[in-house]
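Just below is one structure, and these are the notes that go with it.
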Amino acid sequence: MAAFKYAPLRDIGDHEPVRGERSIEESEKIVDGAWEIRLIRLLPSKSRVAPIECELLYRTFKSVKGNYEALSYVWVDSTGTEGMHQLPSHVTLDGQPFDVTPNLHAALRRLRDASHHRTLWIDQICINQADIWERNRQVERMTLIYGYAKRTVVWLGEEAHESFRAILLLRGLARVAKERNYEALLAAVTGEFSDVSKWKALDLLFQRAWWQRTWVVQECAVTNDVILVCGYRNISWKDLISAVISIQELQLRRVMVHCLALVSLSPVIALHQSRLRVAARGHSANKTASESIKFDSLLDVLARYRSRQATNARDKVYALLRLAQDFRDIVSTTSTNPIPIDYAKSVEEVYHDVAVFLLASSQRLDFLSHCRPKRNLANLPTWIPDWSDIATAPYPLRSALYTTTPSNSTATAQITVGRFTAQALLFDRIQALSATCTDADFSTLESAPPTFLRWQELALQSSRHDETDFIRTILTDRFDGDRLDQHSLASITASFHAAAVRASATDDASESAAGATGFAERISFLGALRYACLGRRFFVSEKGTIGLAPAETEAGDVLVAFQGARVPFAVRMGEGGEDVLVGECYVHGCMDEELDGELGLEGKGYQTITLI
Numbered sequence: 022m023a024a025f026k027y028a029p030l031r032d033i034g035d036h037e038p039v040r041g042e043r044s045i046e047e048s049e050k051i052v053d054g055a056w057e058i059r060l061i062r063l064l065p066s067k068s069r070v071a072p073i074e075c076e077l078l079y080r081t082f083k084s085v086k087g088n089y090e091a092l093s094y095v096w097v098d099s100t101g102t103e104g105m106h107q108l109p110s111h112v113t114l115d116g117q118p119f120d121v122t123p124n125l126h127a128a129l130r131r132l133r134d135a136s137h138h139r140t141l142w143i144d145q146i147c148i149n150q151a152d153i154w155e156r157n158r159q160v161e162r163m164t165l166i167y168g169y170a171k172r173t174v175v176w177l178g179e180e181a182h183e184s185f186r187a188i189l190l191l192r193g194l195a196r197v198a199k200e201r202n203y204e205a206l207l208a209a210v211t212g213e214f215s216d217v218s219k220w221k222a223l224d225l226l227f228q229r230a231w232w233q234r235t236w237v238v239q240e241c242a243v244t245n246d247v248i249l250v251c252g253y254r255n256i257s258w259k260d261l262i263s264a265v266i267s268i269q270e271l272q273l274r275r276v277m278v279h280c281l282a283l284v285s286l287s288p289v290i291a292l293h294q295s296r297l298r299v300a301a302r303g304h305s306a307n308k309t310a311s312e313s314i315k316f317d318s319l320l321d322v323l324a325r326y327r328s329r330q331a332t333n334a335r336d337k338v339y340a341l342l343r344l345a346q347d348f349r350d351i352v353s354t355t356s357t358n359p360i361p362i363d364y365a366k367s368v369e370e371v372y373h374d375v376a377v378f379l380l381a382s383s384q385r386l387d388f389l390s391h392c393r394p395k396r397n398l399a400n401l402p403t404w405i406p407d408w409s410d411i412a413t414a415p416y417p418l419r420s421a422l423y424t425t426t427p428s429n430s431t432a433t434a435q436i437t438v439g440r441f442t443a444q445a446l447l448f449d450r451i452q453a454l455s456a457t458c459t460d461a462d463f464s465t466l467e468s469a470p471p472t473f474l475r476w477q478e479l480a481l482q483s484s485r486h487d488e489t490d491f492i493r494t495i496l497t498d499r500f501d502g503d504r505l506d507q508h509s510l511a512s513i514t515a516s517f518h519a520a521a522v523r524a525s526a527t528d529d530a531s532e533s534a535a536g537a538t539g540f541a542e543r544i545s546f547l548g549a550l551r552y553a554c555l556g557r558r559f560f561v562s563e564k565g566t567i568g569l570a571p572a573e574t575e576a577g578d579v580l581v582a583f584q585g586a587r588v589p590f591a592v593r594m595g596e597g598g599e600d601v602l603v604g605e606c607y608v609h610g611c612m613d614e615e616l617d618g619e620l621g622l623e624g625k626g627y628q629t630i631t632l633i
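Rendered as structure tokens:
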């Protein structure tokens, strides 16, 4: 099939600027909509099996604000439905055949009205995907395209795995929620909605690929209105959230556990929180361009959505740039774009641009906390976070809670040709390491994982530390989102003692220990323990200090405190001044500007470290 011939879009400039170049005037015109956009008109048909016909429209963006729907979907099928690949994979566009993915074809068939046309923006059709320059510019404007749409239509895929039961369950819960009566909700769940198969179907619906896409965050967050379509049924975002809030309440009250425990709400809650943070307060059709949104920093945004998936690893950055306040501020107030959308760049180059921006915009090294030894990109320097790595563990230390170096210190660092030079205090060296904490250590809630009992034996060999220090270390001195206080420490110590008894005691003693701490306390303690330790190893340093380090840490790795970083790091010293960053560490007694007093480092100055 011959490639479809697009007419070029009339844009702000008629030439390709130097990479990163952008005038303030051009930035303002982008927001004002003085540029052309393509839309499709999906023509009606009374027949579900009739060929799909569309017309391509060329309009200035400012003339169509609020008069089109934007489609959010995955390019490939996520339902696992047999035969999906056998569906036609082309539509008719301006009388010519046009290839589309089977999942988009299914979406258009379901969205087509019997008697009225429908105006849509769909990236697969409205962007000339073969033209990288056009693709760069259109992707840069996605926040505006979705923000000014009449609504975003989410296509979850064709009906499969009894998804119709899931949609009907959500609608029913939303209906009951409007009564604002818990007794009515309880009666509905124990009666009308008590069928386990409905809850299994709901969990499968929330496992579909759409919920995990990186682009979804922006597409869903910046729009005024969202409707979700699955097969021939749909539900509004408002009703979805009403239903989810009801489920949360029932889960907290431990009602119908055999049903409600089947459902993981985290994908929905994560997106809802995104909407709450950036809900179309600066992009919607009834707002002016000057009413800006206060977003998080780029580092916060990249870290929060790191576990999301993207077919193109560049999109782990590009899909989130416009949700970052520091990036938006620089683009709107300077003549440069520090991270231009450029699909001609390698993934490594894009991630390098991000690291350069994070250092320049914050003058701190907090981004180093997101570097991991295991990475998908083998050629990426160890000091650049690999945002394509979607693993959740080890979880970040939440460095804002710590101040290994003064919190007001700025980084003295330089980036040159793949190398990173910074000032650091080399204060200790790792001597002994225990086994890595894995998911297998949390296979039971009834006893302390054996790994931690072995860690405790190693810790208490050091005369510098007692049991309290050990407990603080395995929790990275944090609990319930804050630093560990004395009251929580006492409760957690009791939980650990009881768990240790259950791990080695007779049945009678185990039952007695179980009574000492309740189920909720055990869950809370083990949850905090898992967050702190998963993917990390317990260590003792040459100076007798204890701590937690990444699984890939080795004996002999040096503990360093970088100027401008909140937490310590393990570094593997190389020959010729080429050192490797292993990762962030928790070092007990060295997290609150205590290095001088704890380790006798008075007067010892910073040294230059070069990371590769």
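Take the sequence shown: its letters are residues 22 to 633, numbered as in the numbering used here.
From the three backbone atoms N, C-alpha and C, an ideal C-beta is built for every residue, glycine too.
Excluding sequence positions up to five before and after L447, its CB lies within less than 7 angstroms of the CB of V579, V581 and Q628, all in the same chain and listed in chain order. Short of 7 angstroms from the beta carbon of I362, and not among the five residues preceding or following it, lie these beta carbons of its own chain, in chain order: N157, V160, E161 and Y339. The secondary-structure analysis by DSSP pairs G604 across a beta bridge with A591. Note on the segment 256-309: whole alpha helix (DSSP H) runs with a minimum of 4 residues are 258-273, 278-281 and 287-299, in chain order. Note on geometry: alpha-carbon atoms of D374 and N397 lie some 18 angstroms from one another. D460 is classed as exposed because its beta carbon has fewer than 16 other beta carbons within 10 Å across all chains shown. With at least 16 other beta carbons inside 10 angstroms of its own, G610 counts as buried. Per the DSSP secondary-structure output, P65 pairs with nothing in a beta bridge. Note: H138 is not bridge-paired with any residue in the DSSP secondary-structure output.
The C-beta of D498 has 16 or more other C-beta atoms within 10 Å across all chains shown, which makes the residue buried. One Cα belongs to A209, the other to V289, and the distance between them is close to 22 angstroms.
For W220, the enclosing alpha helix (DSSP H) begins and ends at V217 to F227.
Secondary structure at T122: coil, using DSSP grouped into helix, strand and coil. Going by DSSP, A434 is part of no alpha helix (DSSP H) but of the beta strand (DSSP E) stretching over A434 to T437. Following the DSSP letters along the chain, one finds Q145 in no beta strand (DSSP E) but inside the alpha helix (DSSP H) bounded by residues D144 to C147.
The residue among E57, K199 and A23 with its C-alpha nearest the C-alpha of D32 is E57. Non-local beta-carbon contacts of T235 in its own chain, meaning distances under 8 angstroms to residues more than five positions away in sequence, involve Y326, R329, Q330, A331, D336, K337, A340 and L341 in chain order. In chain order, R327, R393, K395, R396 and N397 place their CB closer than 8 angstroms to the CB of D410, counting only its own chain and leaving out the 5 sequence neighbours on each side.
8 angstroms or more divides the Cβ of T403 from the Cβ of G585. Here S318 is near D347, since their CB atoms are less than 8 angstroms apart. In this structure Q239 is buried. Its beta-carbon is surrounded by 16 or more other beta-carbon atoms within 10 angstroms. Secondary structure note for G193: it is in no beta strand (DSSP E), and the uninterrupted alpha helix (DSSP H) holding it is S184 to A198.
It is roughly 18 angstroms from the alpha-carbon of W142 to the alpha-carbon of K26. Contact annotation: the segment 165-180 touches the segment 245-253, with at least three C-beta pairs closer than 8 angstroms. Membership of G168 in the alpha helix (DSSP H) is indicated by the continuous run M163 to G168.
Around the C-beta of G604, 16 or more other C-beta atoms lie within 10 Å, and the residue is accordingly described as buried. With respect to L165, Q145 sits apart: the two C-beta atoms are not nearer than 8 angstroms. Ranking W476, F214 and L555 by CA distance to the CA of S464 puts L555 first. DSSP, reduced to helix, strand and coil, places R396 outside both helices and strands of the structure shown, so it counts as coil. Under the DSSP definition of a beta bridge, G178 partners with C251.
Nearest Cα to D53 within the set S84, E74 and L64: S84. Residue pairing by DSSP places H111 opposite D120 in a beta bridge.
If you draw a 10 Å sphere on the C-beta of Q384, you find fewer than 16 other C-beta atoms in it, and that means exposed. A445 and F583 have their C-alpha atoms spaced approximately 4 angstroms apart.
Where P571 is concerned, the enclosing beta strand (DSSP E) starts and stops at I567 to P571.
Around the beta carbon of L505, 16 or more other beta carbons lie within 10 angstroms, which makes this residue buried.
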